[in-house]
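Numbering (the UniProt record's numbering), first residue to last: 1 to 1075.
Glycine included, each C-beta is placed from N, C-alpha and C at the ideal position.
Since this is a predicted model, take the numbers as computed values, not measurements.
Heads up: the structure comes next, in structure tokens.
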């Protein structure tokens, strides 16, 4: 049975290409010629032979031994070039997943298993990728193509029908060169009313009568344009020019509709709607005077729905032109399922109660099907037209929510502590972070208890033992809001109590049992270097449909020493002979979980069972070694082993499980000082990790997924102030020597080519105001390799693990590989003249991300990058302030990125993005401390980004433009005061405040806008236009050394481009007790 696309509107494809050329052809139909051509290794077209190519030689529909030959029917290794073999059909899970030979599946051209078909009955459309107006640009090079499902867009081959689409075929042509395409989605969208259908009213109960061809039903639209007598059921609104809105209704016409007959029109949506947060479903219907009845269905599909049926005149008159309003209480619909079960009707059968009906197992949480109908319950045929208008949801649920959290903490010095917590929340309580949507939780109550004790306090201090233990438990009970079987049925408190869910977690721990360090070097390197931990956790969770239990236990042993063995090289330097830190750790863990479930409350037993068992061992080694003060090395390796899968042995007989993963890190750094003003440095960081995917049963796949990174950084700092000090000292020495050498009044001659003391002094003063000049260069690589086939017992080669290379032996097979190469330059310095400083910086970076078939590259340049600061501004008003300063910054950033032409190693124009950002954060900031213990901050910021994305293969091609702008500001004031003698408050004569009181008030404002202009558009289209402001007042007062309390009051207001306004008010009160 095929898909019915008749009631859908469009075919939508989200995709991207590298070159933006060629054609994508889409075929959808009832049947498409199954004689498929294939291209052999030598380029020949084979298989298009007017006969069935299949591996099923004996026709039993099963892949028997000796039949997995591929569609060519010939066994043969591709590289052996066996006669008759396509020589490119060997299946390989990394390199050739489309291969049909030895893939373990029955391959055949008979796709539907109903016989070899050469028939063609399909619709087909062609999407030209180089058509500038044929798509909607999305992010970057991604495009949305939308094709209408009509005969103007699709050409018919044979005699296809939209109601029975079984096949979809995608094929390509018109490409002048190789290209790579990525498809994000291919889907059919839209929703339209289907053609009306006729049936007997009793058809729901299984009976039917012979149809009468004289009956006719149809759909149309009715409004004042089509019918001057049309009157709207409500007062239409007027537009900005005072004109009435054009409003219309759906007219369901019928002629000679016999008694006991029904006409129905339906609409199906691909998107699921959730009605549970509304209380009513309303509709207006117009009475045509025939006494006809109407029908409304909502549900998941035509076999699972709720229905409401009544005569039109049973509604509430609205007083405008024979219109009646119907209000359906949505909570009355799920109750039908409970009544049906009580009546003994089969769980998916048809059930009727008054005007309400139910069929199957619908849910208000899954509404994708809507149907309107008319019914004739009289004994004579009827003719007329029933008007439907404004089917809508109303009475949104605004039930207030309540939540409570309380906690207490008691400590007895450093010996014992206990923390308890309790909480409650009802199903309508919603946190601000939870967003919108139907809240499906329940009435939840939770408790928690945490105990910690240092039992070593009970032992003699001379033992020097650390013995911390802990116990914690949490328990939660929840009465559900909705039934387990029916997610739209709201439970009463009594019903919810029968479906209560419970969960509990409990844990015990002995954390880091160890002996304190002593003066005994032998103990320092043996017993005192060890630590031991033990943890055990168990838990369960019970719900009406599931029981889940789990436990895990872990043991951990660690060994850590810090050798201090060195020899003296000179008065200032030593050479360390051993590492400064050596650490080794073992961690063994076991876990087990069991889950049983049932499909409904009607099942008396829990049938579905899932069990998991785990047993692993982790080892960790790390070494820190700094042979010289300026030279350091760090290395660590961690290995995860699965002790349930035995692949490896130790010493040839001890089974140590299988290596499941590994992490390895290496870092090295060296820095030095030359002549007190030059400080070069170099740093290297390498990281590696891999994991072996678990196969079915107790085995691992014969490959690893692995990744590494390596970063090398060079730095140089030039301290010009040190050069200035050297010049100053040299001048002072020259002056002092000149006063002692001679009483001759003539100055000593300056040797040729050497500057005099005055020039050196001037030069020293000039460079003395320059901040240190910082230079930096970095280069790095990141590699991700998938399904690398190497020895299961060995990791990657050592250079790859240390991050020294991004590739491994090319002979080693891998499924895919992604490598990112990055490099950067930076420089910064500044000028400082008294209280004024001006800084400048430059940054440049490039990164290239390369996969097997494509590559992308990004450039970023930040220049100019200026910042300034002015201190001691309060000198201008020193009678009022004790400190004041100004600062600001301007940075211009230019970014370019896009796809790389792998042959030319240059960026392609198609998909290229270019942006420029002007950032003033802050534009200006002024901080002042006033003499009355008031501190104020006033700041403003501004940012503007303009970008462009090219949609063609040259700079002159069409492009989309983007613009983003943000600005904002902040005003903050803080006040702190104390009154040692006490501060009296009005009306509270006996109350004095003598401690510090701190108050802070802040006001923030922000405005953000984003715009985009597509190639065919003249003006920019607003995508975002948000304004927000907020204010907050914070206060804290210390009543004594043991008690401190405070409160925070805040209010925020935001308005989005859509006009949606959100306001938030919060109040926090806290009290801190110190024991």
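Quiz prompt | Exposure of residue 89, with buried meaning 16 or more beta-carbon neighbours within 10 Å | solution = buried
Quiz item: Helix, strand or coil: which one does DSSP assign to residue 60?
Solution: Note: residue 60 maps to coil in three-state DSSP.
Exercise. Please confirm if the region 259-268 is in contact with the region 226-234, defined as three or more CB-CB distances below 8 Å between the two stretches.
Key: no
Self-check item: Residues bridged to residue 352 (per DSSP)
Solution: 357
Quiz item: Roughly how many whole angstroms lie between the Cα atoms of residue 868 and residue 934?
Solution: 25 Å
Practice problem: Taking only the alpha-carbon atoms, compute the straight-line gap between residue 255 and residue 218 and give it to the nearest angstrom. | Solution: 9 Å
Exercise. Go to residue 844, then tell me how far its beta strand (DSSP E) extends in each direction, as first and last residue.
Key: Looking at the DSSP string, the run of the beta strand (DSSP E) that includes residue 844 is 836-850.
Quiz item: Looking only at C-alpha atoms, which of 35, 130, 55 and 600 sits nearest to residue 47?
Solution: 35
Practice problem: Run the CB neighbour count on residue 743, radius 10 Å, all protein chains shown included, and call it buried at 16 or more, exposed below. | Solution: Confidence is the limiting factor: at residue 743 the pLDDT is only 49, short of 50, which leaves the residue's position unreliable and the question unanswerable from this model.
Practice problem: Give the secondary structure of residue 206 by DSSP, where H, G and I count as helix, E and B as strand, and everything else as coil. | Solution: Caution is warranted here: a pLDDT of 46 is assigned to residue 206, below 50, making its placement in the model unreliable, and the coordinate value is therefore given only provisionally. The answer is coil: DSSP assigns residue 206 none of H, G, I, E or B.
Quiz item: the ligand MG heavy atoms versus the CB of residue 120: any closer than 7 Å?
Solution: Among the components of this structure there are no ligands whatsoever, and the ligand MG is therefore not found.
Quiz item: Which of helix, strand or coil does DSSP assign to residue 1120?
Solution: Outside the shown range of the chain, which is 1 to 1075, sits residue 1120, and nothing can be said about it.
Quiz item: So what does residue 618 bridge to, in DSSP terms?
Solution: 587 and 640
Exercise. Determine, using beta-carbon pairs with one atom in the region 997-1009 and one in the region 965-975, whether at least three such pairs fall under 8 Å.
Key: Between the region 997-1009 and the region 965-975, the count of C-beta pairs closer than 8 Å reaches three or more; the two stretches touch.
Quiz item: Near residue 927, what residues of its chain come up, given a Cβ to Cβ distance below 6 Å and the 5 sequence neighbours on each side ignored?
Solution: 885 and 937
Quiz prompt | Distance, residue 134 Cα to residue 1023 Cα | solution = 22 Å
Self-check item: 8 Å Cβ cutoff met for residue 535 and residue 503
Solution: no
Exercise. Could you tell me which of 127, 835, 164 and 676 sits nearest to residue 121, measuring between CA atoms?
Key: 164
Quiz item: Taking residue 452 as the reference, which of 194, 426, 417 and 879 has the closest Cα?
Solution: 417
Quiz prompt | Assigned exposure category for residue 609 - 16 Cβ within 10 Å defines buried | solution = exposed
Quiz item: Would residue 1058 be called buried (16 or more neighbouring beta carbons within 10 Å of its own) or exposed?
Solution: exposed
Exercise. Enumerate in chain order the residues of its own chain whose CB-to-CB distance from residue 1013 is below 6 Å, with the five nearest sequence positions on each side excluded.
Key: 961 and 1020
Self-check item: Neighbourhood of residue 903 by C-beta, 6 Å cutoff - its chain only, sequence neighbours within 5 removed
Solution: none
Exercise. Look at the Cβ atom of residue 1042, then the Cβ atom of residue 1071, and state whether they are nearer than 8 Å.
Key: With contacts defined as CB atoms closer than 8 Å, residue 1042 and residue 1071 fail to qualify as a contacting pair.
Self-check item: Local conformation of residue 646 per DSSP, three classes
Solution: Note: residue 646 maps to coil in three-state DSSP.
Self-check item: Residues near residue 705 in its chain [Cβ-Cβ closer than 6 Å; skip 5 each side]
Solution: 691 and 786
Quiz prompt | Delimiting residues of the alpha helix (DSSP H) encompassing residue 1131 | solution = Outside the modelled stretch of the chain, which goes from 1 to 1075, sits residue 1131, for which no answer is possible.
Self-check item: Helix, strand or coil at residue 524 [DSSP, three-state]
Solution: Correct three-state label for residue 524: helix.
Exercise. Report the option in 197, 910, 128 and 156 whose CA atom is closest to the CA atom of residue 173.
Key: 128
Self-check item: Of the listed residues 251, 202 and 199, nearest to residue 221 (C-alpha basis)
Solution: 251
Self-check item: For residue 680, the residue or residues it bridges with in DSSP
Solution: 716
Quiz item: Is residue 773 helix, strand or coil when you go by DSSP?
Solution: strand
Quiz item: DSSP three-state call for residue 154: helix, strand or coil?
Solution: coil
Quiz item: By Cβ distance below 8 Å, which residues in the same chain neighbour residue 279 in space, the five residues on each side in sequence not counted?
Solution: Its chain contains 329, 330, 331, 394, 395, 396 and 397 as the residues whose beta carbon lies nearer than 8 Å to that of residue 279, once the 5 sequence neighbours on both sides are disregarded; these appear in chain order.
Quiz item: Can you tell me whether DSSP reads residue 799 as helix, strand or coil?
Solution: helix
Quiz item: Which runs of the beta strand (DSSP E), 3 residues or longer, sit entirely within the region 245-328?
Solution: 248-257, 261-273, 278-286, 293-301 and 304-311
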